[in-house]
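Novice: When the count follows this note's numbering, it moves up by one through the sequence shown with no breaks and lands on 173 for the last residue.
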Amino acid sequence: MSLIVDAFHDWLRVERGYSPRTVDSYLSDVKELYLFCQQNEEIDPMRTETLRRFVGSLHGKNSSASVARKLSALRTFFRFLQMQGKIDKNPLQGIANPRLVRYIPSFLTVDEVFCLLDAPGNADKLALRDKAIMEVLYATGMRVSEVVSCNTGDLDFDSGMVKVTGKGNKER
């Protein structure tokens, strides 16, 4: 089992280009299925019935979004096993993701946006820097982590463009 998991790890990092955190989550989900099978004396984790029981056990201790994410990781694992010729069919094929609750995001009013953008003031260089950061966040929709990782080389003042390296080291 560990050789397959090691190969899966390498495939996720090298072939798929997933971040270390995503790879760790996927491997944790595969190990969780393995432990479930051991604890419940399930002989074959590749049987759809076994997987249905596993998914049922997840619902009691995880949100629907977490269950869906774990299923996505396991689908990827089984797809990897198919590509390696270890299994013929993905045993999760007939198991649907749980329904997710969709929340309508709250948003700021126009007055709140202006108040937020004016909050740093213009008193000194740090205030101007903070104001620029707020403007970039508002105007581009960049994540805070993306703004924090920006360097002066990522800015093109002539064209007014910012090179952004997002999640998964993807440039946008």
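Where is the CB? At the ideal position from N, CA and C, for every residue including glycine.
The structure presented is a predicted model; accordingly, all values stated were derived computationally and were not measured.
(1) Could you give the residue range of the alpha helix (DSSP H) that holds leucine 13?
(2) Whose C-beta lies closer than 6 Å to the C-beta of glutamate 43 among residues of the same chain, with five residues either side of it excluded?
(3) With a threshold of 8 Å, are at least 3 pairs of Cβ atoms found where one atom belongs to the region 22-30 and the other to the region 96-108?
(4) Restricting to runs no shorter than 4 residues, where is the alpha helix (DSSP H) found entirely within the region 96-158?
(5) Check the Cβ-Cβ distances between aspartate 7 and every residue of chain D, and say whether any is below 7 Å.
(6) Output needed for glutamate 157: all residues of its chain with C-beta closer than 8 Å, excluding positions within five of it in sequence on either side, in chain order.
(7) Quick check: aspartate 30 and leucine 75, are their CB atoms within less than 7 Å of each other?
Specialist: In brief:
(1) Along the sequence shown, one-based indexing puts residue 13 at 12. From DSSP, leucine 13 is part of no alpha helix (DSSP H); its letter is neither H nor E.
(2) Position 42 of the sequence shown, counted from the first residue, corresponds to residue 43. Setting aside the 5 residues that flank it on each side, glutamate 43 is surrounded in the same chain by Thr51, each with a C-beta closer than 6 Å to its C-beta; the list follows chain order.
(3) no
(4) For the alpha helix (DSSP H) assignment, the uninterrupted runs of no fewer than 4 residues enclosed by the region 96-158 are, from N- to C-terminal side, 111-119, 126-141 and 145-149.
(5) In the structure shown, chain D cannot be found, because there is only a single protein chain.
(6) Against the sequence shown, residue 157 aligns to sequence position 156. Correcting the residue type first, residue 157 is aspartate in the shown sequence and not glutamate. Cβ neighbours of aspartate 157 beyond the five flanking positions: Val163 and Lys164.
(7) Along the sequence shown, read from residue 1 onward, the residue named residue 30 stands at position 29. Along the sequence shown, read from residue 1 onward, the residue named residue 75 stands at position 74. In this structure, leucine 75 lies closer than 7 Å to aspartate 30 by Cβ.
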